[in-house]
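Numbering (this note's numbering), first residue to last: 37 to 229.
For glycine and all other residues, C-beta sits at the position ideal for the given N, C-alpha and C.
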Amino acid sequence: MSHPVKPLPSARRLLRTPEDLIAAGLVPPEQKDALEAVAQDYATAIPPAFLDLIEQPDDPIGVQVIPSPEELLITPEERSDPIGDEALSPVPGIVHRYADRALLKPLLVCPLYCRFCFRREHVGPDGGVLDDAALEKALDWLRSHPRHSGSHPDGRGPADAVPSSAGADYYGSLCHAACHHHSSAYPCAGGST
37 MSHPVKPLPS ARRLLRTPED LIAAGLVPPE QKDALEAVAQ DYATAIPPAF
87 LDLIEQPDDP IGVQVIPSPE ELLITPEERS DPIGDEALSP VPGIVHRYAD
137 RALLKPLLVC PLYCRFCFRR EHVGPDGGVL DDAALEKALD WLRSHPRHSG
187 SHPDGRGPAD AVPSSAGADY YGSLCHAACH HHSSAYPCAG GST
């Protein structure tokens, strides 16, 4: 499909539903049922700033974020955990792939959902945030493994999105755990809801 995207004059918000995508001219109306099936497994979020960059639904930026019914086609060689995070997770929220570092995942919520994301089964607005107890358990694990040269919080959002009672001490706890790097998709994708 190659047609211009319709601007949404007053709706400067995240596009999340098949109806939103149809109204924006990103998908044809006849795909609504198929995209509702995709939405059962995978979240959609296209922020206004990203929508403004899409000239045609099939351009590279559009393909990155616009869901497709083909996402539900699973081939025999595909894995449910493509990069092996689950096998390397000693506690929820931690990935310990390398001996001298660990990845802390307090949030699996993004301002935009890429269709190729290798964690897409876990991300979305219906969860994806460690609760206070799980976050504390993950931080305890980091504190009890001081041999790490760095802990890398993979914050898919701002620090204030972590559970409220843990939010105030969040970064202080990480620095105690030898935090050297923080990554977030929010600065480039925009946190607008």
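Could you spell out the range, first to last residue, of the beta strand (DSSP E) harbouring residue i?
i           : result
residue 133 : 130-134
residue 23  : As shown, the chain starts at 37 and ends at 229. That puts residue 23 outside it, with no answer to give.
residue 139 : 137-140
Apart from the five residues just before and just after residue i, which ones in its own chain have a Cβ nearer than 8 Å to its Cβ?
i           : result
residue 117 : 123
Can you give the Cα-Cα distance for residue i and residue j, rounded to whole angstroms?
i           : j           : result
residue 180 : residue 77  : 36 Å
residue 171 : residue 66  : 43 Å
residue 57  : residue 82  : 9 Å
residue 182 : residue 134 : 14 Å
residue 141 : residue 131 : 8 Å
residue 73  : residue 121 : 26 Å
Can you tell me whether DSSP reads residue i as helix, strand or coil?
i           : result
residue 155 : coil
residue 126 : coil
residue 203 : Confidence in residue 203 is poor, its pLDDT being 47 and thus under 50, which makes the residue's placement unreliable; the coordinate value appears in the next sentence. In this structure, residue 203 counts as helix in the three-state DSSP scheme.
Only counting the same chain, and skipping five residues up and downstream in sequence, which positions put a Cβ closer than 6 Å to that of residue i?
i           : result
residue 96  : none
residue 119 : 154
The alpha helix (DSSP H) spanning residue i covers which residue range?
i           : result
residue 77  : 68-77
residue 56  : 54-59
residue 109 : Neither: residue 109 is in no alpha helix (DSSP H) and is coded neither H nor E.
residue 90  : No alpha helix (DSSP H) holds residue 90; DSSP gives it neither H nor E.
Skipping 5 residues on each side, what residues in its chain have a beta carbon closer than 7 Å to that of residue i?
i           : result
residue 155 : 144
Any 3 or more C-beta pairs closer than 8 Å across the region 82-93 and the region 123-135: no
Can you find at least 3 beta carbon pairs, one from the region 132-152 and one from the region 108-115, that sit closer than 8 Å? no
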